[in-house]
Amino acid sequence: MTDMTQPRPRKRARTARVVLLGTAAFSLAACQPEEQVEATVFPSVEECRALADLPENDFTAEECVEGYEEAQAIHRESAPRYEDQALCEEQHEGECVVEQRSDGSSIFLPLLAGYMIGNMLGGRGMASKPLYRTSGGRYATPGGGTVLSGLRGKTQVRPASFGASPNTRAAAPLSRAAVQSRGGFGASRTGGGFGTRSFGG
């Protein structure tokens, strides 16, 4: 199966790098690394397309759609999956859906809250990641490794934020004990680092 996390080649280059998308401010926990990539976050593909192709922006309407499709594909393979609906709703402030496994068991996963697209380092094109609401009202990537304070605007993230996400389709669903041992989805057990770590990358 094709690795949907691989960055897509850039279709064109632009010199404009300064992007103004309103007054939304983002925060990533703790200190910044030396090397970062720029990412733009959207609650929907429609909002992304509405802002695409403006002179100050470095993404196209086509890349908005491709990024959303990529985020959906990653969501299907790597969304956090829980053994209990109440637990899922606690970790993601509601809005969890049931998924039936081949053995007849039911597991629960959160809905996609939004997605981010970003320019990879070294001219390697655009990449995308789905985002999920956390119990603290922030938004995190599938493994909980990158946490943002909002769903609109520009931010800087580690290149690893666009790396491969853990495949959760065949893994054991998260139990309450497993979630508590990690401090919750999108929470850091150590309280340090750029972004946070919980269930993987």
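Read in order, the letters of the sequence shown are residues -29 to -1, 1 to 172 in mature numbering (1 follows the signal peptide of the UniProt record, and there is no 0).
Every residue, glycine too, gets a C-beta built ideally from N, C-alpha and C.
So, with DSSP's three-state summary, where would you put Q62? helix
Environment of S49 [buried if 16+ CB atoms lie within 10 Å]: buried
DSSP three-state label for L122, please. coil
How is Q151 classed by DSSP in three states: helix, strand or coil? helix
Three-state secondary structure (DSSP) of S136: coil
Kindly identify the DSSP beta-bridge partner or partners of V12. M87 and G124
Supposed contact pair D29 and N90 - C-beta distance, whole angstroms, cut 8 Å: 7 Å
When DSSP labels each residue in this structure, what does P113 get in the three-state scheme? coil
Same chain only: Cβ atoms within 8 Å of E70, ignoring 5 sequence neighbours per side: R52, S77, I78, F79 and L80
Answer with buried or exposed for L82, where buried requires no fewer than 16 other C-beta atoms within 10 angstroms of its C-beta. exposed
Straight-line CA distance for G157 to Q127? 17 Å
Would G124 be called buried (16 or more neighbouring beta carbons within 10 Å of its own) or exposed? buried
Find the nearest neighbour of G154 within the set M87, F13, T105 and E33, judged by alpha-carbon distance. T105
Taking the straight line between their C-alpha atoms, what separation do you get for A44 and G108? 24 Å
What do you reckon, are the CB atoms on L122 and V16 nearer than 9 Å? no
Cβ neighbour criterion (16 or more within 10 Å) applied to Q151: exposed
Select from N138, E37 and M87 the residue whose C-alpha is nearest the C-alpha of V118. M87
Return the Cβ separation of L102 and A84 in integer angstroms, given the expectation that the two are a contact with Cβ distance under 8 Å. 5 Å
Where does A158 fall in DSSP's three states? coil
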